[in-house]
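Q:
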Amino acid sequence: MKRIVSLGPVHNQITAPAVTAGHLVEDYRHAVVDVLTVGATGNLKVKVSNQDAKPDFAAPATVTNQWSYIDLKGRNDGGTTIVGTSGLTLPGTGSSSYAVNTDAVRWIAVDVETLSAGNVSVLLSGATNE
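This note's numbering puts the first residue of the sequence shown at 13, with every later residue one more than the last.
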């Protein structure tokens, strides 16, 4: 039976760029990122790492602080792929849901890289196939 667990709101009506500290997702096959925006202009990217210790997702990726961007797959629109390095252009006002394949991923973080107007909330959930 599929099990879905809320990992909570990782951003709650933020009005300035911010990156989450990172969430442990090694027990989940997929993560779901739900994005809620109100008048938002900006860009969002998801970062992942397989490093044992939680990386500093706000710092540059290095040999000792390993992370990379990951693609998102749309759940509302038939599966449009958002390239990880490009990120998601925030849609003004609306809600959207994206799947993240977390096979072989230990940590995940959500980076609202730019935000020049409005606010953004992001919810993170994990899902298993058990």
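Cβ coordinates follow ideal geometry from the N, Cα and C atoms, glycine included. In this text, all values refer to a predicted model and were calculated from it rather than measured experimentally.
(1) Please determine, among Val124, Gly138 and Ala129, the residue with the shortest C-alpha to C-alpha distance to lysine 57.
(2) Report back the beta-carbon spacing between leucine 19 and arginine 118 to the nearest angstrom; my notes put them in contact at under 8 Å.
(3) Considering only residues of the same chain and omitting the five flanking positions on each side of serine 128, which have a CB-CB separation below 8 Å?
(4) At what residue ranges does the region 28-65 contain a whole run of the beta strand (DSSP E), taking only runs of 3 or more?
(5) Mind checking whether serine 137 and leucine 48 have CB atoms under 7 Å apart?
(6) For alanine 129, which of helix, strand or coil comes out of DSSP?
(7) Just checking asparagine 113 against the ligand FAD - is the residue's beta carbon closer than 6 Å to any of the ligand's heavy atoms?
(8) Rounded C-beta distance between glutamate 102 and valine 132? I'm assuming under 8 Å.
(9) Could you pull the DSSP bridge partners for proline 21 from this structure?
A: In this structure, then:
(1) Val124
(2) Not confirmed; about 14 Å, so no contact.
(3) Thr53 and Gly54
(4) 42-61
(5) no
(6) strand
(7) Looking at this structure, you won't find the ligand FAD or any other ligand, since it has none at all.
(8) Per the sequence shown, residue 102 should be read as leucine rather than glutamate. With a Cβ gap of about 6 Å, leucine 102 and valine 132 count as contacting.
(9) Leu135
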